[in-house]
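Chemist: As given, the protein sequences belong to chains Y and V, one line each in that order. Going left to right, the first sequence walks through residues 6 to 430 as the numbering used here numbers them. Going left to right, the second sequence walks through residues 6 to 430 as the numbering used here numbers them. Attaching a single structure in structure tokens format; questions to follow.
2 protein chains.
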Amino acid sequence: MEEAQRKVRAYIQGNQSDAAKFLQRVVQEGSVRGKESSAQAVIIEKCRELGMNMDIWELGGEELTNHPAFCSDRNNFVGNPNAVGVLPGTGGGRSLILNGHIDVVPVGDIDSWEYEPFSGKIENGRLYGRGSTDMKGGTVSLLLALEAIIKSGVTLKGDVIFQSVIEEESGGAGTLSTVLRGYKADGAIIPEPTNLKFFPKQQGSMWFRIKIRGKQAHGGTRYEGVSAIEKAELILKEIRELEIKRNSRITDPLFSEIPIPIPINVGKISSGDWPSSVPDIALIEGRMGVAPDESMENAKQEMEQAIEKVASLDPWLKENQPVVEWFGARWLPGDIEVEHDLVTVLTESFTEIKRARPVIEASPWATDGGILNKIGGVPVVVFGPGVTKMAHDANEYIELNDVYEVAEIIAVAIMKWCGTENDGT
Amino acid sequence: MEEAQRKVRAYIQGNQSDAAKFLQRVVQEGSVRGKESSAQAVIIEKCRELGMNMDIWELGGEELTNHPAFCSDRNNFVGNPNAVGVLPGTGGGRSLILNGHIDVVPVGDIDSWEYEPFSGKIENGRLYGRGSTDMKGGTVSLLLALEAIIKSGVTLKGDVIFQSVIEEESGGAGTLSTVLRGYKADGAIIPEPTNLKFFPKQQGSMWFRIKIRGKQAHGGTRYEGVSAIEKAELILKEIRELEIKRNSRITDPLFSEIPIPIPINVGKISSGDWPSSVPDIALIEGRMGVAPDESMENAKQEMEQAIEKVASLDPWLKENQPVVEWFGARWLPGDIEVEHDLVTVLTESFTEIKRARPVIEASPWATDGGILNKIGGVPVVVFGPGVTKMAHDANEYIELNDVYEVAEIIAVAIMKWCGTENDGT
Numbered sequence: 006m007e008e009a010q011r012k013v014r015a016y017i018q019g020n021q022s023d024a025a026k027f028l029q030r031v032v033q034e035g036s037v038r039g040k041e042s043s044a045q046a047v048i049i050e051k052c053r054e055l056g057m058n059m060d061i062w063e064l065g066g067e068e069l070t071n072h073p074a075f076c077s078d079r080n081n082f083v084g085n086p087n088a089v090g091v092l093p094g095t096g097g098g099r100s101l102i103l104n105g106h107i108d109v110v111p112v113g114d115i116d117s118w119e120y121e122p123f124s125g126k127i128e129n130g131r132l133y134g135r136g137s138t139d140m141k142g143g144t145v146s147l148l149l150a151l152e153a154i155i156k157s158g159v160t161l162k163g164d165v166i167f168q169s170v171i172e173e174e175s176g177g178a179g180t181l182s183t184v185l186r187g188y189k190a191d192g193a194i195i196p197e198p199t200n201l202k203f204f205p206k207q208q209g210s211m212w213f214r215i216k217i218r219g220k221q222a223h224g225g226t227r228y229e230g231v232s233a234i235e236k237a238e239l240i241l242k243e244i245r246e247l248e249i250k251r252n253s254r255i256t257d258p259l260f261s262e263i264p265i266p267i268p269i270n271v272g273k274i275s276s277g278d279w280p281s282s283v284p285d286i287a288l289i290e291g292r293m294g295v296a297p298d299e300s301m302e303n304a305k306q307e308m309e310q311a312i313e314k315v316a317s318l319d320p321w322l323k324e325n326q327p328v329v330e331w332f333g334a335r336w337l338p339g340d341i342e343v344e345h346d347l348v349t350v351l352t353e354s355f356t357e358i359k360r361a362r363p364v365i366e367a368s369p370w371a372t373d374g375g376i377l378n379k380i381g382g383v384p385v386v387v388f389g390p391g392v393t394k395m396a397h398d399a400n401e402y403i404e405l406n407d408v409y410e411v412a413e414i415i416a417v418a419i420m421k422w423c424g425t426e427n428d429g430t
Numbered sequence: 006m007e008e009a010q011r012k013v014r015a016y017i018q019g020n021q022s023d024a025a026k027f028l029q030r031v032v033q034e035g036s037v038r039g040k041e042s043s044a045q046a047v048i049i050e051k052c053r054e055l056g057m058n059m060d061i062w063e064l065g066g067e068e069l070t071n072h073p074a075f076c077s078d079r080n081n082f083v084g085n086p087n088a089v090g091v092l093p094g095t096g097g098g099r100s101l102i103l104n105g106h107i108d109v110v111p112v113g114d115i116d117s118w119e120y121e122p123f124s125g126k127i128e129n130g131r132l133y134g135r136g137s138t139d140m141k142g143g144t145v146s147l148l149l150a151l152e153a154i155i156k157s158g159v160t161l162k163g164d165v166i167f168q169s170v171i172e173e174e175s176g177g178a179g180t181l182s183t184v185l186r187g188y189k190a191d192g193a194i195i196p197e198p199t200n201l202k203f204f205p206k207q208q209g210s211m212w213f214r215i216k217i218r219g220k221q222a223h224g225g226t227r228y229e230g231v232s233a234i235e236k237a238e239l240i241l242k243e244i245r246e247l248e249i250k251r252n253s254r255i256t257d258p259l260f261s262e263i264p265i266p267i268p269i270n271v272g273k274i275s276s277g278d279w280p281s282s283v284p285d286i287a288l289i290e291g292r293m294g295v296a297p298d299e300s301m302e303n304a305k306q307e308m309e310q311a312i313e314k315v316a317s318l319d320p321w322l323k324e325n326q327p328v329v330e331w332f333g334a335r336w337l338p339g340d341i342e343v344e345h346d347l348v349t350v351l352t353e354s355f356t357e358i359k360r361a362r363p364v365i366e367a368s369p370w371a372t373d374g375g376i377l378n379k380i381g382g383v384p385v386v387v388f389g390p391g392v393t394k395m396a397h398d399a400n401e402y403i404e405l406n407d408v409y410e411v412a413e414i415i416a417v418a419i420m421k422w423c424g425t426e427n428d429g430t
């Protein structure tokens, strides 16, 4: 086992620049929602090179779309498949899912980017581009770990199921589809950008939309209308108060280092279509965090009650109730014990390589781990390279050394978890 | 003269239902910006029927676009002309411009409309539709007045210049083009919806856009970003305070009945493109009122200083100054004495027909009167049918009786102002 570890780690250390080039290719195929296919093709090509048994399919079917956890406003998955590569073990070991998502969020304001958002430019050990951190860097760590094990001739006892899924950023329909297709395992690792922390508990989250009515009028007689923007400001204030209230209840020590454990993020507002008119509709869209031990339903109710409260205090909103919708994305929370054997195996691997203890926290964001955990019954640890704050930001980048180091830690963890038949050939 | 008046007024009273049908046709040709041609065609057809000398042209040329008062972000006027019809007098009388705009503002939220926005539906003496009040009703009053004079065989001494212009809602390039083309006169009436009040002073206004920067981050770690929406809320608050400050200075008695004499209307906000991201850009667009005796430059400076002030108090905005732009529409204020002879003539006409004194106020909004007045040197009174608060609102409508009554008042005023050769034939 020690010999196998040595070979595998040496392989990773000797193939860093190829891994960086591979990550560059994956980032350059910008895979925003609905355009995942070309990046997915690069991943699939690599899996085929490694000799994995590939299962490639487009999402669909009533079992998926009627499932209570299905959540997507996308009506067309054609041409943008999920991809799963299986490395069958010889038997007698524990199976492991390695899950990464290929979809990336939009680039935002293009002017805020120093380099072209899908450049994949490498400078001072950092690789830049939308998706580099969230989470193509982590996916490359997974593939580099598997490549090292395979190329070193190490034979695993347990099955490894590598998954490259779509739709993580929009509600997890990709991972839900893998579960319904039958992919389950004794454990799972999701290398989202945790900055090498372990997240055995993951926050859930869901998207909301609040529609606020005003009354149109000419801007020059704006006192004859009711500004939907002014009414939206009342709602924004109430949302911040609700966030404070909900977070004051969080006592789990895994959240102790997180400034806002379960944030409510207002990500979008739009109102009005003419500078000289009083706007009559405002739409607010955002993302509500859900505690690992909280039900989605409870969180929804708290939001709806808060909006009802603010409406009850304003004469106009009392007569024109804002409407709360839950739409698009929804991620279930995930929750395994800190004492779970998967955490132990990862901690051992981490400690051997980093010569330090890992930080174990609750995740500040939701992942597909909630679906694997709550629907698939799979124990999940989220652990990967990349700094959380770069995800979704302009000038997103990843430190390449973190990608290589996580590959080593995960490679060793795979061997420990699945068991090995030999020390490599 | 009394006989001429009797005939002309009788004509208007006898042709009300044809006038209503004509207004219906004009409203049904919804003429939002860039699509003014078909409504304009209906107007032109009517002018030709009345035997006016028509001048129809598309806006353009350097004299227009380089003019300091030119203000438009529109780069294509092809196919959507201005139209002017001249009714030459026999000489020795005063000339009069009758100016109406054909463009209408967007319909806003379609669900707020009881009838289809361009239905032109008539019910209980009201005609419904976008543009009915602002200001196709007034334009029909003008044409009905002219038709009555012409069909009654009354010959005028002074020239009447009827103008149906584009771009009033977006900065007045249409009326500016008439001035530069040489159309000037001893007086002008603009039948915007004043609810039959006289507005010898008109508020100016201009559009602003404020760009506010935030810092993108994942919504789950929103504390690592800076929400452009939250920073925009500070700006919105400051704009309301500036509005209060500016209005507290207005002492002109013509404004005494107006709740907010020179409003600052925020008509639009947009920020963010993803519910789970912290938004990094917010755009606010609005319309700032300018007092009749105030310079546009002074108003601009006050806004810019207010935004600088709020930025100086916020550490993030201090480093990331919001940017104020003045774009798109700009309307100059207009200002003639209450004692001007045009006001007197209109007052006499009004009193004869309504058996009551008119209300004389300052306008709560800007009109093309500012350009006619400040650039063309033409004394302007704004006076027309329709209720201000219906302009730009959903379910916009006009009381048809007001259209007919204004036609009578304006017809009599035309005869008094221009002088008549005969009593009709």
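Don't be surprised by glycine CBs; every beta carbon is placed ideally from N, CA and C. Every value quoted in this text rests on a predicted model; they were computed, and no experiment measured them.
Leaving aside the five residues before and after W336(V) along the sequence, list all residues of the same chain whose C-beta is less than 6 Å from its C-beta, in chain order.
Modeler: G177, G209, S210, A371 and G375
Chemist: Ignore the nearest five residues each way along the sequence and tell me which others in Y16(Y)'s own chain have a CB closer than 8 Å to its CB.
Modeler: For Y16(Y), where only same-chain residues beyond five positions count, the Cβ hits under 8 Å are E152, A153, K156 and S157.
Chemist: Following the continuous alpha helix (DSSP H) through V37(Y), name the residue where it begins and the one where it ends.
Modeler: Premise fails: V37(Y) is in no alpha helix (DSSP H) and is neither H nor E.
Chemist: Could you compute how far the alpha carbon of V231(V) sits from the alpha carbon of S282(V)?
Modeler: Cα-Cα distance, rounded: 10 Å.
Chemist: Which residues mark the beginning and the end of the alpha helix (DSSP H) in which G142(Y) is found?
Modeler: G142 to K156
Chemist: Output yes if chain Y places a C-beta closer than 8 Å to the C-beta of H106(V); else output no.
Modeler: no
Chemist: R79(Y) to K141(V), Cα distance in whole Å?
Modeler: Roughly 43 Å separates the two Cα atoms.
Chemist: Report the rounded CA-to-CA distance for V31(Y) versus I115(V), giving the unit in angstroms.
Modeler: 44 Å
Chemist: Short of 6 Å in beta carbon distance, which residues of its chain neighbour R431(Y), apart from the five on each side in sequence? Order them along the chain.
Modeler: The structure shown does not extend to residue 431(Y), since chain Y spans only 6 to 430, so no value can be given for it.
Chemist: Can you list, in chain order, the residues of its chain whose CB lies under 7 Å from that of F75(Y), leaving out five sequence neighbours each side?
Modeler: L69, A178 and L181
Chemist: Could I get the ranges of all uninterrupted beta strand (DSSP E) runs contained in the stretch 243–294 of chain V, with 3 residues as the minimum, in chain order?
Modeler: 269–276
Chemist: Within its chain, find whatever has a CB closer than 6 Å to the CB of W279(V); leave out the 5 residues flanking it on each side and keep chain order.
Modeler: none
Chemist: For Q207(V), write down the residues that DSSP places opposite it in a beta bridge.
Modeler: G339(V) and S368(V)
Chemist: What does K220(Y) pair with, by DSSP beta-bridge criteria?
Modeler: V231(Y)
Chemist: So, helix, strand or coil for I107(Y), using DSSP?
Modeler: coil
Chemist: Would you report the Cα separation of S146(V) and S77(V), rounded to the nearest angstrom?
Modeler: Cα to Cα, S146(V) sits roughly 28 Å from S77(V).
Chemist: Just by C-beta distance, which residues in the stretch 217–229 of chain Y are closer than 7 Å to chain V?
Modeler: Only Q221, A222, H223, G224, G225, T226, R227, Y228 and E229 from the stretch 217–229 of chain Y bring a Cβ to less than 7 Å from some Cβ of chain V.
Chemist: Where do the N-terminal and C-terminal ends of the alpha helix (DSSP H) with L351(Y) fall, by residue?
Modeler: D346 to K359
Chemist: Please name the residue or residues paired with E426(V) in a DSSP beta bridge.
Modeler: E426(V) is not bridged to any residue.
Chemist: Checking contacts by CB at 8 Å: is R135(V) closer than that to chain Y?
Modeler: no
Chemist: Counting along the chain, where does the beta strand (DSSP E) carrying I61(V) start and finish?
Modeler: N58 to W62
Chemist: What did DSSP end up calling N400(V) once you bin it into helix, strand or coil?
Modeler: coil
Chemist: May I ask you to report which of helix, strand or coil DSSP gives L318(Y)?
Modeler: coil
Chemist: Residues of the stretch 112–142 of chain V with a CB closer than 8 Å to any CB of chain Y: list them in chain order, please.
Modeler: G113, D114, S117 and D139
Chemist: E197(Y): which of M6(V), D60(V), M301(V) and H223(V) sits nearest, CA to CA?
Modeler: H223(V)
Chemist: Sorted by chain position, which residues of the same chain lie with C-beta nearer than 6 Å to A447(Y)'s C-beta, five sequence neighbours on each side aside?
Modeler: With chain Y running from 6 to 430 in the structure shown, residue 447(Y) is simply not present.
Chemist: Rounded to the nearest angstrom, how far is the Cβ of N378(Y) from that of I341(Y), given a contact under 8 Å?
Modeler: 7 Å
Chemist: Can you name the residues of chain Y whose CB is closer than 8 Å to the CB of Q208(V)?
Modeler: G225
Chemist: Which term fits E238(V), buried or exposed, when burial requires 16 or more other beta carbons within 10 angstroms of its beta carbon?
Modeler: Buried, since its Cβ has 16 or more Cβ neighbours within 10 Å.
Chemist: Once the 5 residues before and after V328(Y) are set aside, which same chain residues still bring their CB inside 6 Å of it?
Modeler: K216
Chemist: Taking the CB atoms as reference points, tell me whether A334(Y) and P266(Y) lie closer together than 8 Å.
Modeler: For the 8 Å CB-CB criterion, A334(Y) and P266(Y) do not form a contact.
Chemist: Does any residue of chain Y bring its CB to less than 8 Å from the CB of D2(V)?
Modeler: The structure shown does not extend to residue 2(V), since chain V spans only 6 to 430, so no value can be given for it.
Chemist: Taking only beta carbons into account, state which residues of the stretch 383–406 of chain V come closer than 8 Å to chain A, listed in chain order.
Modeler: Looking at the structure shown, chain A is missing, and the protein chains on hand are Y and V.
Chemist: Give the DSSP-derived three-state secondary structure of R214(V) in the structure shown.
Modeler: strand
Chemist: Could you give the first and the last residue of the continuous beta strand (DSSP E) run that contains A168(Y)?
Modeler: The identity of residue 168(Y) in the sequence shown is Gln, whereas the question assumes Ala. Unbroken beta strand (DSSP E) run through Q168(Y): V165 to V170.
Chemist: Within the continuous beta strand (DSSP E) that includes Y133(V), where are the two ends?
Modeler: Note, Y133(V): beta strand (DSSP E), R131 to Y133.
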